[in-house]
Amino acid sequence: MGMNSPDFILFAQHGWADTAAAIAAFAESVAPPNTAIIAPNLGWFKTWLRIEPLIEYVEGIVSDAIARYPNTPIRIIGHSMGGLIWLELLHRHPQWRSRVESMVLVASPIGGADIARLLDPWEFGLGIARDLARNRRAIAESLAAEIPILVVAGDIGSGSDGLIPVSTAQCDRAQFTILPGLWHDKLKNSPQLIPLIRSFWDNPVIPPPTQPSVATHLIQRLQSVPGITDAHWRDFRRARLDCMFKDGTTLHFWRHPLGFEHIFVGDDRVNCRWGGFVSWGYTKQLQQTLIELKQDFD
């Protein structure tokens, strides 16, 4: 950060099972001149343990940078867990939000990482799994109403980037782009990101809210169920039709062999709009929500 008055501070945050090297190099390639680039290195091993110490570490670095450059606008790029760390920071520090010009979340499991939930269904705290499985969509959507956010997801052809479902990266009020053929790990420094991010920086706007419909109402209510985690769409084909609403929107139900209750919202019997699942401790909450939803449209 060897500059007196940068035009921007660019925070570039790596994620789980990674170090700062790749994302720092990417930040150098995408940032305009006279940008102070800050890419905290969390330590590969520490990213397997708990997220809270990582948040606190980045929090200290951000506080120091804001104090050093009190009038410089902030840009953020977070890959995977790095994006989750920034959601937590801006949730905890609302006074920082006015300084943030834009935020780019790349392959961040906003709605929870399904593989992490499967590894720690009882939320015992098995390494980082409990933290990565947490659904932070409500946080993301509250921030997206204030801060321009670009969400980028990869899709290797099955509705997933090989690690997280595409749907778990999405949130309302954020601009959303899918990069076909890119795996989760490759997204952190893909050259395809450069024109996307620069174009976003040229016009960082907040899209209007999604127009209300039966499907959006169902999805938003289901996403608020305690313990819900976004599910991979591949299991939609295994689910049985539970009910169909007057506009053709459908609810489909499937129980995983391990007992996880899955619910899917479809446009019809074929196309999946969204899916989620809960582990054993949250089954009653999901069932109660389904009863209420059916009553809403009875």
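Position in the sequence shown counted from 1, then plus 5, gives you this note's numbering. Glycine is no exception: its CB is placed at the ideal position from the N, C-alpha and C atoms. This one's a predicted model, so the numbers in the text were calculated from it and none came from an experiment.
Per DSSP, residue 185 is one residue of the beta strand (DSSP E) stretching across 180–185. Rounded to the nearest whole angstrom, the CA to CA distance from residue 194 to residue 258 is 38 Å. Rounded to the nearest whole angstrom, the CA to CA distance from residue 115 to residue 235 is 9 Å. About 12 Å separates the CB atoms of residue 265 and residue 280; that is not less than 8 Å, and the two are not in contact. By the Cβ rule, the region 237–244 counts as touching the region 270–290, because three or more pairs are nearer than 8 Å.
Annotated three-state conformation of residue 65 is helix, per DSSP. If you look at residue 156, you'll find it in the beta strand (DSSP E) that goes 154–160.
Here residue 10 is exposed, its C-beta having fewer than 16 other C-beta atoms within 10 Å. Between the region 29–49 and the region 117–125 there are fewer than three inter-stretch CB-CB distances shorter than 8 Å, so the stretches are not counted as touching. In the structure shown, residue 17 adopts extended strand secondary structure according to DSSP, grouped into three states. Under DSSP, the beta-bridge partners assigned to residue 111 are 84, 157. When the Cα atoms are used, residue 109 and residue 301 turn out to be separated by approximately 36 Å. DSSP, read as helix, strand or coil, puts residue 54 in coil. With 16 or more other Cβ atoms inside 10 Å of its own Cβ, residue 152 counts as buried. Counted as a single uninterrupted DSSP element, the alpha helix (DSSP H) harbouring residue 33 occupies residues 26–35. DSSP, read as helix, strand or coil, puts residue 151 in coil. Counting the other CB atoms within 10 Å of its CB gives residue 91 a total of 16 or more, which places it among the buried residues. One thing to note: residue 86 has its Cβ within 8 Å of the Cβ of residue 137. Close CB contacts of residue 157 within its chain, under the 6 Å cut and outside five residues either way in sequence, are with 111, 182 (chain order).
Scanning its chain for C-beta atoms nearer than 6 Å, with the 5 sequence neighbours on each side dropped, one finds around residue 45 the residues 63, 66, in chain order. Rounded to the nearest whole angstrom, the CA to CA distance from residue 154 to residue 221 is 20 Å.
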